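The listed protein sequences correspond, in order, to chains X and R. What the first sequence shows, in the working numbering, is residues 1 to 640, in sequence order. What the second sequence shows, in the working numbering, is residues 1001 to 1640, in sequence order.
Number of protein chains: 2
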Amino acid sequence: MSTEQLAVDAVRMLSIDAVQQANSGHPGMPMGMADLAVVLWTQFLNVDPDDPEWDDRDRFVLSNGHGSMLLYAMQHLSGFPLSMDDIRNFRQWGYPTAGHPEVEPHLGIEVTTGPLGQGFGMGVGLAMAEEHLRANLGGDLADHFTYGFVSDGDLMEGVAAEAASLAGHLELGRLVYIYDDNNISLVGPTEWTFSEDVPKRFAAYGWHTITVDGHDRPAIAEAIGAARAEEGKPTLISAKTHIGYGSSVQDTAAAHGSPLGEEEIDKVRAHFGWTHPPFEVPEAVYGFMRDAMDRGRQKHGAWQERYDAADITEYSSYFEPVAPAVPTPVYEAGSKVATRKIGGAALNSVAAIRPDLVGGAADLASSTNTIINGSDDFSAGDRAGRNIRFGVREHAMGAIVNGMTIHGGLRAFGATFFQFSDYMRGAVRLGALMGTPSIWVYTHDSVFLGEDGPTHQPIGHMAAMRAIPNLYVVRPGNPAEVAGAWELAMARTEGPTALVLTRQGLPIPENNDPAPVAKGAYVAAAGDAATLIATGSELPLALAAREQLAKQGISLRVVSMPCREAFEAQDGDYRAEVLGAMPRASVEAAVTFGWGDLTGSGGLNIGIDHFGASAPAAVLAEKYGFTPEAVADRIAAWLA
Amino acid sequence: MSTEQLAVDAVRMLSIDAVQQANSGHPGMPMGMADLAVVLWTQFLNVDPDDPEWDDRDRFVLSNGHGSMLLYAMQHLSGFPLSMDDIRNFRQWGYPTAGHPEVEPHLGIEVTTGPLGQGFGMGVGLAMAEEHLRANLGGDLADHFTYGFVSDGDLMEGVAAEAASLAGHLELGRLVYIYDDNNISLVGPTEWTFSEDVPKRFAAYGWHTITVDGHDRPAIAEAIGAARAEEGKPTLISAKTHIGYGSSVQDTAAAHGSPLGEEEIDKVRAHFGWTHPPFEVPEAVYGFMRDAMDRGRQKHGAWQERYDAADITEYSSYFEPVAPAVPTPVYEAGSKVATRKIGGAALNSVAAIRPDLVGGAADLASSTNTIINGSDDFSAGDRAGRNIRFGVREHAMGAIVNGMTIHGGLRAFGATFFQFSDYMRGAVRLGALMGTPSIWVYTHDSVFLGEDGPTHQPIGHMAAMRAIPNLYVVRPGNPAEVAGAWELAMARTEGPTALVLTRQGLPIPENNDPAPVAKGAYVAAAGDAATLIATGSELPLALAAREQLAKQGISLRVVSMPCREAFEAQDGDYRAEVLGAMPRASVEAAVTFGWGDLTGSGGLNIGIDHFGASAPAAVLAEKYGFTPEAVADRIAAWLA
């Protein structure tokens, strides 16, 4: 038996033994894709187990993340610092060998996957990042491929369909996906649900497609070679594989999501002639796999020489950028300017300082004011452009922005109307889980977008976004807060930030002092009868209501709270000082859900707990009680 | 000029005049699709303006809902009760002519559209409903087509891609979509983002595809005829159209999303030789359009005769079903049973009484326990089956279930893991906005799904779902509550219900009395020191903590709150009585966000405000303080 074959079998045995030990997991996929993985790792993937985070490494994405043991087995055998003890403790508390891969670049786990389709989309983002960096920094310093394994389930997901269409359009020739075409999904044969002609679909998207026997290793190597050679199109290699290869449940859904059982594992051992006990791998396999990594080490060494010889000033501006100070855009006091427009100015202030800032919108660049001035579009013909046109593909935008950001060297943003954050929520949540500092620009943030009506009017979206851990949701209410919001977003390195901006104009205040957005909330106007907390477009409303109440002799304190998460990260003294000991109210043009957390028993929460309507914004403000007079009246009645 | 041409021009002029009057809207699409609409309405669409809600009418979906004026113009001219006053007041408060179509069956507006791709998906559901009803009730009583207009934007959306793949797989031959292939999206030419070969993609899905000049009416009629004749495949007619047809901004994005302006409209008037003032239509056009509706009226008359002659007992069981009483599934007290499993029993109790209940899961039928026993799969070969296999297509499942439910005659459900509710949120939210009583079955509802890890563990999902107006979110904690949850879901007619169920077993209580789930919350165990509100799997936990506290002499009152929305709909007295005047705490294995609304100042909210981890459920319970001892300790410390 060849050492290569021994390595393939080792991957299979490690995977099924670990799943058995954990008493949960997915053995069938690693058994089916082991040949593909061993060929990819030993003959193509240029990575360096001694320095897994080397900037110019090839990227690998396991989009069918339920087959996580395949990745752990490969990284362990290849010499990444992922130990046999980690594998023994697959799916256990405190070990990096989670049920689905969780991003750990130092172990060669590039992204978190499991929710199907996300890995497919992030891989497109990784490939776009490489193209953009290569165009701007040169092939001496940026020159690698992105590989991914994808499954039937991935290909059924809309996020993957969107990303595939864009990848074809952008002619991402260095993106190579291997499709585990095994005819089985979790519950049964794919013929129950999935009878499309996958290669034809991908050809329609503009992909290069190859079909190969996923257990014929020389043919696999040839296919990957051909994929690499086609630099004008992304490649989908449809690899015909047998899920649960070598077991008696091969080619059935029984191999998908449950341990095989000791008895069956014994049979598999016999079938492969595998005589080693669980979690023991012959030295020859380690030698074979680890020696193969020398290709990547040598690439790394050559890259390092070029890096050491280069002027890395520009390189550092991508890979070691500084958090920018964002000046407050200046407008005439008393005029009305939408925060989306102010956001466009702030974004451009950042972009002028930070060449690594790239991004765009899902067919709404002009409406969201998210065009980087003076830069071209990123396209098949121009990889240096910083403006990315995602098309009407919100979910793929989410995954791609996550992928570009997690690649390193870039800070990416994606923009759409706030309502469509629903479409990309899977990606927003995954970015928060990964701790990826993607930036989301959401405009048209309330019913006050007006005539487009309730289909486009966010109501529950502020609350829904605040419910995602590690996502900062920032809704600024004037130019100083918009500048502070962008500054906060750029300063965050451990998680994403959503900027929530108005369609409609807000009055520009006289006072243009910097706002402490990083603290989340602050006293915007003093008062001693009650505290009214406001966000975004309701900040000027609250201040106007305060004027009304002053006429009635009621002294209202207004707290601006552009970012509740940042506020909750402050110390208790600061929070108590800002919220005050007076009765508390809140005003936000959205569901009141969650505001009681801050306003407490007897608090007043002014919001909109129903869907909106199609009408001009001023009419809606009148109907829904979002005028200074109506807010003042409610507060006066509440305090009476 | 032919009256048909006059009608086409009337549609165009009404559309651009209404957009101009509203000073917002999308004129270009109606100008480009007017020929298509007039041919479809006058030669094919079998509807009855005198009885727009006739069960067996053809269904029409305007998936590119931003072109809403096209639909309003068509329905007005065809004699639906949509007046010229409604059109004059396009996008104004109190009128049905919203910026994007909002479901009004009495006006012939079948579904709410605007968020792109949703209409595409709902249309697939409408076609599936027709197939299923025809199979079960016979072609005498169910026999119609589903038509839709779709745009570049629709086809870029993942939800449409998922739905298209499933529609092809299911061979939905009575589904006919006309694609407005105008090469323009909101911000510019589609060549910026969308260069795929659409007909080839749809052919790969198994669709029948036709390409036609969208302004050549005889060719359009021929294409629709050919689409109808192909009953083995859904059809996509790619109609090459000119957005903003006849204006000087024709074929540009300038025609997409802004009023043309008075000056330009004058030019368009001259171009078409249109001499009528705004909002005036020649009688000949009304005559032409309304006479054409006689075809539908006659179909309706013939249907009515068949209906009157038929035994409609079975028909009524679909179209006039009764809300079922759901018995509590019985298990041995003290044993542990997952609420997903109990849910499967309750679902089958309902299904036995309600033949109109159909549905399935996104490749997770066995895990979500959502198989209707004794029924086959709905498939290309068997339309009578009630079990629908959606594949790994959560978002399309959402749109399709909405479509099937809104069709009439069916009550549809869709199931997946709770975490993946993020993927289908666009559809869930739209269903709530439409007031469609779709049922969502979400299992694996917390970190206590265990080893699959944080990618699959919902954390913010309860809060995020509760933030959607008009959605009832029900998280039951024992068999009686599960039965009550299904009963509540089936009794709701004005909006959707999400059932949130555990993967892990919960202890079966001794007491099997019916639970007042419809009231949202109730006192599960008396006490006088404090109230602890619990949901779902935390109900038995709270009761166990109460036992612990009793040993310390602390008398804890436990309130079970399976449905916060239902509770908030109760009168103030009931709510006050349930919540009590004692200090309040809450316990839920999810973010605490929003619980302060109920527990108030000084309240204690026990939750998990961070992502989970991959480990066995019992380990997570220990680590995160979700054991009876830990909960009791926190409450004792809080009360001390």
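Beta carbons: idealized from backbone N, C-alpha and C, even for Gly. Predicted, not measured: the structure shown is a model, and the values here were computed from it.
For residue i and chain R, any beta-carbon pair shorter than 7 Å?
| i | result |
| --- | --- |
| X/Val619 | yes |
| X/His395 | yes |
| X/Val587 | no |
| X/Pro469 | yes |
| X/Asp597 | yes |
| X/Trp41 | no |
| X/Tyr472 | no |
| X/Phe593 | yes |
| X/Arg475 | no |
| X/Gln570 | no |
According to DSSP, residue i sits in a beta bridge with which residue or residues?
| i | result |
| --- | --- |
| R/Thr1209 | R/Leu1236 |
| R/Ile1533 | R/Val1559, R/Ser1586 |
| R/Gly1359 | R/Asn1387, R/Phe1413 |
| X/Asn605 | X/Ser586 |
| X/Ser185 | X/Gly188 |
| R/Phe1060 | R/Tyr1147 |
| X/Ala498 | X/Trp440, X/Val473 |
| X/Asp573 | X/Asp573 pairs with nothing; no bridge assigned. |
In this structure, how does DSSP classify residue i when only helix, strand and coil are distinguished?
| i | result |
| --- | --- |
| X/Tyr423 | helix |
| R/Asp1294 | helix |
| X/Pro218 | helix |
| X/Trp656 | Outside the displayed span of chain X (1 to 640) sits residue 656 of chain X, for which this structure offers no information. |
| R/Tyr1307 | helix |
| X/Gly380 | A small correction: the amino acid at residue 380 of chain X is Ala; Gly does not occupy that position in the sequence shown. It is coil, neither helix nor strand. |
| X/Phe319 | helix |
| R/Phe1120 | helix |
| R/Val1326 | coil |
Just checking: is the beta-carbon of residue i within a distance shorter than 7 Å of some beta-carbon in chain X?
| i | result |
| --- | --- |
| R/Ile1016 | no |
| R/Trp1638 | no |
| R/Met1156 | yes |
| R/Glu1231 | no |
| R/Phe1194 | yes |
| R/Gln1021 | no |
| R/His1100 | yes |
| R/Gln1504 | no |
| R/Ser1024 | yes |
| R/Gly1114 | yes |
| R/Tyr1423 | yes |
Q.
For the structure I just gave you, are there three or more beta carbon pairs, one from the stretch 1089-1106 of chain R and one from the stretch 1032-1043 of chain R, closer than 8 Å?
A. No: the two stretches stay apart, fewer than three of their Cβ pairs being nearer than 8 Å.
Q) Is there contact between the stretch 428-436 of chain X and the stretch 482-489 of chain X, where contact requires at least three CB pairs shorter than 8 Å? A) Result no; under three Cβ-Cβ pairs closer than 8 Å.
Q. Going along the chain, which residues of the stretch 196-213 of chain X sit with their C-beta nearer than 9 Å to a C-beta in chain R?
A. Listed by position along the chain: Glu196, Asp197, Val198, Pro199, Lys200, Arg201, Phe202, Ala203, Ala204, Tyr205, Gly206.
Q: Please name the residues in the stretch 1345-1364 of chain R whose beta-carbon is closer than 7 Å to at least one beta-carbon of chain X, in chain order.
A: So the list reads Asp1363, Leu1364, given in the order they occur along the chain.
(Q) Taking beta-carbon pairs under 9 Å, can you tell me which members of the stretch 437-467 of chain X lie near chain R? (A) Hits within the stretch, in order: Gly450, Glu451, Asp452, Gly453, Pro454, Thr455, His456, Ile459, Gly460, His461, Met462, Ala463, Ala464, Met465, Arg466, Ala467.
Q.
Any C-beta of chain X within less than 7 Å: which residues of the stretch 1600-1629 of chain R qualify?
A. Listed in chain order, the positions of the stretch 1600-1629 of chain R with a beta carbon within less than 7 Å of a beta carbon of chain X are Gly1600, Ser1601, Asp1609, His1610, Phe1611, Ala1613, Ser1614, Ala1615, Val1619, Lys1623.
Q. Should the stretch 393-407 of chain X be called in touch with the stretch 80-88 of chain X, which here means at least 3 C-beta pairs below 8 Å?
A. The stretch 393-407 of chain X is not in contact with the stretch 80-88 of chain X.
Q. Name the residues in the stretch 163-186 of chain X whose C-beta lies less than 8 Å from a C-beta of chain R; which are they?
A. The residues in question are Ser165, Leu166, Gly168, His169, Ser185, Leu186.
Q. How do the stretch 177-188 of chain X and the stretch 151-164 of chain X stand: do at least 3 beta-carbon pairs fall below 8 Å, yes or no?
A. They touch, by the three-pair rule.
Q. Would you call the stretch 444-456 of chain X and the stretch 405-422 of chain X in contact, with 3 or more CB pairs under 8 Å?
A. Short answer: they touch.
Q. For the 8 Å Cβ check, are there 3 or more pairs between the stretch 105-115 of chain X and the stretch 1447-1458 of chain R?
A. Three or more pairs of CB atoms, one per stretch, sit closer than 8 Å, so the stretch 105-115 of chain X contacts the stretch 1447-1458 of chain R.
Q: Determine which residues of the stretch 396-409 of chain X have a Cβ less than 8 Å from any Cβ of chain R, and write them out in chain order.
A: Against chain R - using a Cβ distance shorter than 8 Å - the residues of the stretch 396-409 of chain X are Ala396.
Q. In the stretch 129-156 of chain X, which residues sit with their C-beta less than 7 Å from some C-beta in chain R, listed in chain order?
A. The residues in question are Gly153, Met156.
Q. Should the stretch 66-77 of chain X be regarded as contacting the stretch 17-34 of chain X, the criterion being three or more beta carbon pairs within less than 8 Å?
A. As far as the Cβ criterion goes, the stretch 66-77 of chain X touches the stretch 17-34 of chain X, which means the pair count is three or higher.
Q. Below 8 Å, can you find three or more Cβ-Cβ pairs linking the stretch 360-368 of chain X to the stretch 120-133 of chain X?
A. Three or more beta-carbon pairs separated by less than 8 Å are not found between the stretch 360-368 of chain X and the stretch 120-133 of chain X, which leaves the two stretches without contact.
Q.
When you compare the stretch 462-481 of chain X with the stretch 304-323 of chain X, are there three or more beta-carbon pairs, one atom per stretch, that lie closer than 8 Å?
A. In short, these stretches do not touch, since the Cβ pair count stays below three.
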